[in-house]
Amino acid sequence: GENVEQHPSTLSVQEGDSAVIKCTYSDSASNYFPWYKQELGKRPQLIIDIRSNVGEKKDQRIAVTLNKTAKHFSLHITETQPEDSAVYFCAARGGADGLTFGKGTHLIIQP
Amino acid sequence: DTGVSQDPRHKITKRGQNVTFRCDPISEHNRLYWYRQTLGQGPEFLTYFQNEAQLEKSRLLSDRFSAERPKGSFSTLEIQRTEQGDSAMYLCASSLDLGASGGNEQFFGPGTRLTVL
C-alpha cells in the first residue's frame, strides 16, 4: 500500500519568513495530494491540494509543488503569520481511495 | 450547520464493552470515510462507503470493527469488545465524487474521542 513520509516533524520560523514542508510517497499510482491544517483540538481542514497532472498550484501565501518522477511534493507558506501555527499533514490518494497521511509537521511561528 | 457532524463527541468506556459512533455527512456527498487518529499522528484510513456500499476496508479494521451506511446517508461505526489500544479520535469525512475528473476534497467532522479504561 501507499506510504507517505513527511519532514520535518517540527519547524520553527520567524514571523514573516517562509516555511517549507516536504513529503514523499511510494505508490506511483497516487494521483491526488491534499494538505491539511489541524489546530489543537480541532478537525483537519484542507488548505490546498494538487493533482498528478499539475506541477504547481498557488493560493495567496500558500503553494504546493509536485514532482511525480521523484515522488515528492512540498508545501510552501510565505510571509508566515502567527495564525499559521498549527500541525500540517500531507496526504496521498493512490489506487485505493482512502487517503494515506504523513505523520505531521508542527509549525511554530515565532514573533 | 451544514458540515459533517459526529456523535458523541466524547465516549469513555470500560474494556470489553461495545461502543457505536454516528457520522452525518454533508447532505449531497456520496462518499463517506472513517479514519482513526492517535496523539501526534496523522489520521489513519479505516474504511469508506460510496452511497450505501462499503468499497474498501483497511487492514487496521479488525473483526471487532464494523461500519454501516444503510441508506447512503448517515453512517455508524461499532467497536465490539473494546481494548485499551482502541483509544483514539475517530474521524469521519465526506466527499462528493464525480468520477475520475471530479473533485474529491474530503471534509472532516469534529471527531469522537474514545477513551477505553
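Taken in order, these protein sequences are the chains called F and C.
Numbering follows the numbering used here, with no gaps: position 27 of the first sequence is 27.
Numbering follows the numbering used here, with no gaps: position 69 of the second sequence is 1069.
The C-beta atom is built at its ideal place from N, Cα and C for all residues, glycine as well.
The structure displayed is predicted, hence computed values, not measured ones.
C/L1046 at chain F interface by Cβ criterion, 9 Å: Yes, its Cβ sits closer than 9 Å to a Cβ of chain F.
Cross-strand partners of F/Q34 (DSSP beta bridge): At residue 34 of chain F the sequence reads Pro, which differs from the Gln that was named. Per DSSP, F/D49.
Contact set between C/E1028 and chain F, taken where Cβ atoms lie within less than 9 Å: Chain F residues near C/E1028: none, gap ~17 Å exceeds 9 Å.
9 Å Cβ cutoff met for F/G104 and C/G1040: yes
Min CB distance C/Y1090 to chain F below 9 Å: no
Rounded straight-line distance, which links the Cα of F/H106 to that of F/N80: With the sequence shown as reference, residue 80 of chain F is identified as Thr, and Asn is not the correct amino acid for it. For F/T80 and F/H106, the distance between alpha carbons rounds to 14 Å.
Interface flag, F/H72 vs chain C, CB-CB below 9 Å: no
Three CB pairs or more closer than 8 Å across the region 52-66 of chain F and the region 1019-1036 of chain C: no
Environment of F/K37 [buried if 16+ CB atoms lie within 10 Å]: buried
When F/F101, F/I108, F/I109 and F/D97 are compared against C/R1031, the one with the closest alpha-carbon: F/D97
The region 72-79 of chain F touching the region 1067-1081 of chain C, judged by at least three CB pairs closer than 8 Å: Cβ pair count under 8 Å is below three, so no.
Short CB-CB distance (under 9 Å) between C/G1111 and chain F: yes
Cβ-Cβ distance between C/S1073 and C/A1067 below 9 Å: no
Assumed close pair F/E2, F/Y25 - CB separation to whole angstroms, cut-off 8 Å: 6 Å
Other residues of its chain near F/D17: CB distance less than 7 Å, five sequence neighbours each side excluded: T80
C-alpha gap between F/Q60 and C/T1013, whole angstroms: 45 Å
Contact check, C/F1108 vs C/L1096, beta carbons under 9 Å: no
Which of helix, strand or coil DSSP assigns to F/E5: In the three-state DSSP reduction, F/E5 falls in the strand class (E or B).
Counted within 10 angstroms of its Cβ, other Cβ atoms place C/G1085 as buried (16 or more) or exposed: exposed
Beta-carbon gap between C/P1070 and C/E1052 smaller than 9 Å: yes
Interface partners of C/Q1106 on chain F, CB under 7 Å: Neighbours of C/Q1106 across chain F, judged by C-beta separation under 7 Å: L99.
Beta-carbon proximity list for C/Y1035, same chain, < 7 Å, skipping 5 on both sides: P1043, E1044, F1045, L1046, L1091 and A1093
Minimum C-alpha distance to C/S1005 - residue among C/S1058, C/P1025 and C/Q1106: Among C/S1058, C/P1025 and C/Q1106, the Cα nearest to that of C/S1005 is on C/P1025.
Element boundaries [beta strand (DSSP E), containing F/N67]: I62 to N67
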